[in-house]
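Residue 876 in the working numbering sits at position 54 of the sequence shown, with consecutive numbering throughout.
Heads up, the beta-carbon is just placed ideally off N, CA and C, and yes, glycines get one too.
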Amino acid sequence: MPNKRALITGITGQDGSYLAELLLEKGYEVFGYVRRVALEDPEHRLSRLLPILNRLQLKAGSVDSYASVHEVMADVKPDECYHLAAQSFVSYSFEDEHSTLNANVNGTHFVLGALKRLAPECRFYFSGSSEMFGQAEESPQNESTRFQPRSSYGISKVAAFT
823 MPNKRALITG ITGQDGSYLA ELLLEKGYEV FGYVRRVALE DPEHRLSRLL
873 PILNRLQLKA GSVDSYASVH EVMADVKPDE CYHLAAQSFV SYSFEDEHST
923 LNANVNGTHF VLGALKRLAP ECRFYFSGSS EMFGQAEESP QNESTRFQPR
973 SSYGISKVAA FT
């Protein structure tokens with residue numbers, strides 16, 4: 823039986839790099855979706871991945887471009903997709919809410935649209951955020967906790983989730 827193919831958007835972040843290590847240990851073929859600038863400066867932008875870089879297949883593109891997402895999905899045809907990529911700096915979301923919303927909402931929509939067309943059996947994981955809850959009424963939060971985002975970043979994560 824062939825190895826499962828996993829695609830991780832946001833693989834260069836902390837969670838993405840840990841997930842890549844785990845999936846490689848489990849025998850997965852792991853693909854990482856990275857921005858082109860990461861490939862131009864691998865020593866810095868891929869630093870978390872350096873110990874496993876030779877075991878990964880990196881695909882360059884941008885989640886806020888449907889054509890780019892479509893091309894990567896057509897090439898990889900993943901069995902599992904872990905969507906961790908986002909503009910995740912809350913403070914930046916106050917400075918440029920439009921790019922935050924575009925990257926996080928449209929990026930998620932593009933990933934889901936491409937998967938629907940090219941890998942409809944793919945299992946999909948979306949990375950949420952505590953920012954979706956804002957000033958939560960209860961702790962810990964659960965599936966029935968009301969969303970109350972207080973930033974463009976939190977709003978974008980709620981919009982992408984729903």
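### Message
List, from N- to C-terminal side, the beta strand (DSSP E) runs of 3 residues or more that fit wholly inside the region 864 to 905.
### Response
878 to 882, 902 to 905
### Task
Taking Leu829 and Val898 to be in contact with their CB atoms under 8 Å, please state how far apart those CB atoms are, rounded to whole angstroms.
In this structure Leu829 is in contact with Val898, their Cβ atoms being roughly 5 Å apart against a cut-off of 8 Å.
#### Entry: Ala828 in three-state terms, based on DSSP
strand
### Query
Whose CA, out of Gly956, Leu934, Ser974, lies closest to the CA of Phe948?
Just measuring C-alpha positions, the residue of Gly956, Leu934, Ser974 sitting nearest Phe948 is Leu934.
### Message
Do Glu919 and Ser991 count as a contact pair if the criterion is CB distance below 8 Å?
### Response
Because the chain in this structure spans residues 823 to 984, residue 991 falls outside the shown range and cannot be described.
### Query
Where DSSP assigns a beta bridge to Glu851, which residues make up the other side?
For Glu851, which the question treats as bridged, DSSP gives the partners Arg827.
### Task
Examine the Cβ distances between the region 935 to 946 and the region 860 to 877 and report whether three or more of them are shorter than 8 Å.
no
### Pick from Thr967, Lys979, Glu960, Tyr855 that is closest to Leu904, judged by C-alpha positions
Rather than Leu, the amino acid found at residue 904 in this sequence is Tyr. Tyr904 has its Cα closest to that of Tyr855, out of Thr967, Lys979, Glu960, Tyr855.
### Task
Check Phe932 in the structure and name its three-state DSSP category.
helix
### Message
Considering only the alpha carbon of each residue, which of Tyr888, Thr967, Ser961 lies closest to Asn928?
### Response
Tyr888
### Query
By DSSP, does Arg858 sit in helix, in strand, or in coil?
In the structure shown, Arg858 sits in a helix (DSSP, three-state: H, G or I).
### Task
Compare the Cα-Cα distances from Pro873 to each of Ser839, Leu861, Phe983 and report the closest residue.
Ser839
### Reference Asn964, options Ser951, Gly976, Arg972, closest by Cα
Ser951
### Message
Looking at Leu814: is its Cβ nearer than 8 Å to the Cβ of Thr831?
### Response
A query on residue 814 cannot be resolved here, the shown segment of the chain reaching from 823 to 984 and no further.
#### Entry: Nearest candidate by alpha-carbon position, reference Asn926, set Glu843, Gly976, Glu959
Measuring from the Cα of Asn926, the nearest candidate turns out to be Gly976.
### Message
Taking the beta carbon of Leu789 as the centre, do at least 16 other beta carbons fall within 10 Å, making it buried, or is it exposed?
### Response
No answer is possible for residue 789: the residues shown for the chain start at 823 and end at 984.
### Residue range of the beta strand (DSSP E) that includes Phe983
It is not in any beta strand (DSSP E) - Phe983 instead sits in the alpha helix (DSSP H) that spans 974 to 983.
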